[in-house]
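Everything below concerns the one structure shown next.
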Amino acid sequence: KQGRTPSYPFGHGLGYTDWTYESVEVDGSTVTIRVRNSGERAGREVVQVYLAPAEPGPDRPARRLAGFAGVEAAPGGTAEAVIEIPRRAFEVWDEETNSWSCVKGSYEIQVSRSITDRRLTATINV
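Anchor point for the sequence shown: position 117 equals 952 in the working numbering, and the numbering is continuous, going up by one each time.
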């Protein structure tokens, strides 16, 4: 709000190797991401999944963290992160019914290293 840029974006982390995000598959609310350790050292990576509604509104964020998973791999090795998106990620609070309500529509799944470092995308319809 004050026009300041943070030193590090949300979800930022440092490591001693490099990672290549190779693929993303969506099956229902399960997101499977394949990553490769493209560096010269063994390492650990935290794969993050953000959810962005195609039509954001005033009652929900333009993008939100829906889940994350840590993976490890040797140099040149691959790993799969399996992240289950909770139903609540698609819901907003309805004041009239005093309950959570699912907002149907199209959502972009953004697979990222941090909120500003998007690597892969997919679409899910609810």
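Ideal Cβ placement from N, Cα and C applies to all residues, glycine included.
Note that this is a predicted model, so its numbers are computed, not measured.
Which residues in the same chain as residue i place their Cβ atom closer than 6 Å to its Cβ, once the five residues preceding and following it in sequence are excluded?
{"i": "S978", "result": "In the structure displayed, the chain extends from 836 to 961; residue 978 sits before or after that span and is not available."}
{"i": "E860", "result": "T867"}
{"i": "T951", "result": "P844"}
{"i": "T855", "result": "R871, S873"}
{"i": "N960", "result": "S941"}
Tell me whether residue i sits in a helix, a strand or coil according to DSSP, three-state version.
{"i": "R954", "result": "strand"}
{"i": "A904", "result": "strand"}
{"i": "R922", "result": "helix"}
{"i": "D894", "result": "coil"}
Could you say which of the options lies nearest to residue i if we only look at CA atoms?
{"i": "T958", "options": "V884, R923, T840", "result": "V884"}
{"i": "K939", "options": "G912, P888, D862, G838", "result": "P888"}
{"i": "W935", "options": "Q945, T852, R923, R899", "result": "R923"}
{"i": "G911", "options": "D929, E857, I944", "result": "E857"}
For residue i, count the other beta carbons within 10 Å of its own beta carbon; 16 or more makes it buried, fewer makes it exposed. Which is it?
{"i": "Q837", "result": "exposed"}
{"i": "G863", "result": "exposed"}
{"i": "S947", "result": "buried"}
Kindly confirm or deny that the segment 914 to 921 and the segment 890 to 897 touch, where touching means at least three C-beta pairs closer than 8 Å.
no
Three or more C-beta pairs closer than 8 Å, one from the segment 904 to 915 and one from the segment 871 to 884: is that the case here?
yes
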